[in-house]
Amino acid sequence: MKKQEQLTHAQQKQLQEQLEVLTQGAAEIIPDDALAEKIAASLLEDRPLRVKLGLDPSAPDVHLGHTVVLQKLRQFQDFGHQVQLLIGDFTGRIGDPTGKSTARAPLSEEEVKANAATYTAQFGKVLDASKLAVFFNSSWLAKLQFEEVIQLAGQITVARLLERDDFDERTALGKPIALHEFFYPVMQGYDSVVLESDVELGGTDQHYNTLMGRHFQERLGREKQAVLLLPLLEGLDGQEKMSKSKKNYIGIDDAPADMFGKTMSIPDALMMKYWTLATDAGPDEVAAVEAGLADGSLHPRAAKAALAGRITTMYHGRDAAEQAEAQFNTVFQNHGRPNDIPEHLWEGDASVPLPQLLADTGMLASRTEARRMIENRGVRIDGETMPSPDTSVNLRDGMLLQVGRRRFLTLRLRE
RNA sequence: GGAGGGGUAGCGAAGUUGGCCAAACGCGGCGGACUGUAAAUCCGCUCCUUCGGGUUCGGGAGUUCGAAUCUCUCCCCCUCCA
73 MKKQEQLTHA
83 QQKQLQEQLE
93 VLTQGAAEII
103 PDDALAEKIA
113 ASLLEDRPLR
123 VKLGLDPSAP
133 DVHLGHTVVL
143 QKLRQFQDFG
153 HQVQLLIGDF
163 TGRIGDPTGK
173 STARAPLSEE
183 EVKANAATYT
193 AQFGKVLDAS
203 KLAVFFNSSW
213 LAKLQFEEVI
223 QLAGQITVAR
233 LLERDDFDER
243 TALGKPIALH
253 EFFYPVMQGY
263 DSVVLESDVE
273 LGGTDQHYNT
283 LMGRHFQERL
293 GREKQAVLLL
303 PLLEGLDGQE
313 KMSKSKKNYI
323 GIDDAPADMF
333 GKTMSIPDAL
343 MMKYWTLATD
353 AGPDEVAAVE
363 AGLADGSLHP
373 RAAKAALAGR
383 ITTMYHGRDA
393 AEQAEAQFNT
403 VFQNHGRPND
413 IPEHLWEGDA
423 SVPLPQLLAD
433 TGMLASRTEA
443 RRMIENRGVR
453 IDGETMPSPD
463 TSVNLRDGML
473 LQVGRRRFLT
483 LRLRE
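Written out as C-alpha cells, the structure reads:
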C-alpha cells in the first residue's frame, strides 16, 4: 500500500500543503509521485526529509541561477526538512568532466574550507544557515580502497554511463573521454548513498547525475531518493545558462546598482522566466505581470524595472533598491552622472595628449584604444565630446572624464 | 607498438602552390545612433606605438630579398589500427 494512503486526514492535508509549494515551478520530479511518497513517509514516521544539493567547490560566487534551487531548498527548510549541502571537494580535485581541463589543480584544505565558508555565508541570504548540514565528499571518497572502488564500479554498466548526454555527444563527435570521467557519476551516486538522501535537488542539467544516486542507492540496498529538478535560468545574454565562467551572471553579492542594471539588460523575452524563477513573487503575482504585458496595460520597461527592483530588494533591501533605480534612471535614461564617481590623483604634466591621459588614468587599456574610442566619439570631457585624438588637454582640478555612457572619472591635481 | 590529424588574435574558425596577411568570417567585447533600459534594430571599432614604425600565428633554430605558409628540432593535444 502506498504511504500516502496510510495518512490520517490531518496528515493528508499537510501533505497537500507541502506538495503544492514544493512542486511549484519544478521542471521534473522523478518518478512522478516520488516526492509525495517521501513526504508521506516523513509525516508517518515524524522525521524530516534529508534533502541533498551537490555543489562545485571551485568558484563560490553565488548567482541568481543558484538561487532557483536555493529558494526551493528554503521551502523544504520551512517545512522542517533537513537540507544537506554537499561540497564536492573530492570530485573537484580529480578533474573536470567536460574533458577540457583534465588535471585541475587540487584545492588545498584551506581553500576548500574558505570556499565552503563563502558558500554558506552567501547561501544565508536565501537559506536558514543555522539549520544547514554541510558535508565534504572527500571525507568518505578519499578513504575508499581501490578494491572498494572497483566494487562500486561493478554496480554500473558502461552502456549506462554512455547514456549521459555529454558522453553521448563526445562519442558521436569522436572526442575523447578519459576513464576517470566515468567516475563522476559513480561518485555522485555514491554520495547519495552515504548521505542517505531522501530527495536530491538540482537543475535540469543534473538529470543524469541525480539518477545515479537512485541507481547506487538501489544497488546497495537503500531507499531510492526522489529527484526534483528545477529549470535552468539563462544568463544576461539570454542564451546560455547563467554561470560565472560565461560572465553572464547576476551575483547575489553584486552591488545594488549592478544588480539593478544587469537585470535591466536582460532581453525582454526572458523577463517572465526571471519573475518566476528568480524572485519571491507568488504564482498570482507573476500571472498578473504576464497578463499586464499581454494586454498592453503594463509597459515592458516598467515590468522590467519592477523586476530589477524586486530582485535588488531581495538581497539589499528596499532603500538600496530604490537608490539603485534612481541612479540607473539618471545615468541611462537621462544621460546624467552617477553619484559616486571615482577620483584619480594626477601627478603628471598639466598639459597632456588626450590618449595618454585616458591610458595613464587607467580609464582605457592603451593609448591606441583611447584613440579609437575618441574617433568613435565615445570620449567626453566635462560633457564635451572630444573631436580628435590629436588634442592636448590642459588639466584642471575637478575635471570630469567620461568614456562611453557609464565610465566616469574625476581628476584631482596635486597642489 | 603502428598509422595519421592538429596547435592561428578573448573564443570558434579560414588561411599552408612563400610576398597582395596585423591575418577572412562568426561569436564575444567596446563605442555611436535610435529607444522603452545596459531590450530589439542599425552603423562603426576590436595587437602596441613617440604614427616613422614595432612585435604577432605552440617554443626554439634555419632556408630566403621576404614565411602563419618551406626545413629541422622540442613541447603539447587528438583520432584510428593492433
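One gets my numbering by counting positions in the first sequence from 1 and adding 72 to each.
Ideal Cβ positions, reconstructed from N, Cα and C, are used throughout, including at glycine.
Residue i and residue j closer than 8 Å at C-beta
i: residue 322; j: residue 334; result: yes
i: residue 257; j: residue 234; result: no
i: residue 379; j: residue 351; result: yes
i: residue 198; j: residue 276; result: no
i: residue 99; j: residue 301; result: yes
i: residue 160; j: residue 348; result: no
i: residue 298; j: residue 110; result: yes
i: residue 446; j: residue 472; result: no
i: residue 157; j: residue 204; result: yes
i: residue 475; j: residue 417; result: no
i: residue 430; j: residue 451; result: yes
i: residue 136; j: residue 79; result: no
i: residue 375; j: residue 364; result: yes
i: residue 480; j: residue 409; result: yes
i: residue 23; j: residue 449; result: Lying before the first or after the last residue shown, residue 23 is absent from the chain, which here runs from 73 to 487.
i: residue 209; j: residue 163; result: yes
i: residue 477; j: residue 461; result: no
i: residue 382; j: residue 360; result: no
i: residue 336; j: residue 400; result: yes
i: residue 120; j: residue 153; result: yes
i: residue 83; j: residue 151; result: no
i: residue 316; j: residue 133; result: yes
i: residue 319; j: residue 312; result: no
Cross-strand partners of residue i (DSSP beta bridge)
i: residue 313; result: 306
i: residue 215; result: None; residue 215 has no bridge partner.
i: residue 474; result: 452, 480
i: residue 416; result: 483
i: residue 154; result: 122
i: residue 411; result: Paired residue(s): none; residue 411 is not in a bridge.
i: residue 466; result: 423
i: residue 323; result: 135
i: residue 159; result: 127, 208
i: residue 221; result: According to DSSP, residue 221 bridges with nothing at all.
i: residue 301; result: 100, 274
i: residue 36; result: Shown here, the chain extends from 73 to 487; a query on residue 36 therefore has no answer.
Range covered by the alpha helix (DSSP H) that runs through residue i
i: residue 69; result: There is simply no residue 69 to check, as the chain begins at 73 and stops at 487 in what is shown.
i: residue 281; result: 279-291
i: residue 85; result: 81-95
i: residue 430; result: 426-432
i: residue 226; result: Element bounds for residue 226: n/a, residue is neither H nor E.
i: residue 194; result: 181-195
i: residue 367; result: 355-367
i: residue 230; result: 230-234
i: residue 332; result: 328-336
i: residue 437; result: It is not in any alpha helix (DSSP H) - residue 437 carries neither H nor E in the DSSP assignment.
i: residue 348; result: 343-350
i: residue 109; result: 106-117
Distance between beta carbons of residue j and residue i, contact taken as under 8 Å
i: residue 149; j: residue 155; result: 6 Å
i: residue 108; j: residue 86; result: Going by Cβ atoms, the distance from residue 108 to residue 86 rounds to 12 Å, so no, they are not a contact pair.
i: residue 415; j: residue 482; result: 5 Å
i: residue 344; j: residue 362; result: 6 Å
i: residue 280; j: residue 237; result: 7 Å
i: residue 201; j: residue 195; result: 7 Å
i: residue 310; j: residue 342; result: 5 Å
i: residue 147; j: residue 93; result: 5 Å
Residue range of the beta strand (DSSP E) that includes residue i
i: residue 519; result: What the structure shows of the chain is the stretch from 73 to 487, and residue 519 is not part of that stretch, so it cannot be assessed.
i: residue 127; result: 122-127
i: residue 383; result: Taken as a continuous stretch (DSSP letters only), residue 383 belongs to no beta strand (DSSP E), being part of the alpha helix (DSSP H) at 372-388.
i: residue 206; result: 204-208
i: residue 273; result: 271-275
i: residue 100; result: 100-102
Contact test: residue i Cβ vs the ligand PLP heavy atom, cutoff 7 Å
i: residue 83; result: Although the ligand PLP was asked about, the structure shown includes no ligands whatsoever.
Is the segment 326-345 touching the segment 386-396, taking contact as three or more C-beta pairs under 8 Å?
yes
Counting pairs of beta carbons, one from the segment 286-295 and one from the segment 254-267, are three or more of them closer than 8 Å?
yes
Between the segment 115-131 and the segment 267-274, are three or more C-beta pairs nearer than 8 Å?
yes
The segment 239-251 touching the segment 204-221, judged by at least three CB pairs closer than 8 Å
no
Does the segment 456-474 come close enough to the segment 417-435 that 3 or more CB-CB pairs lie under 8 Å?
yes
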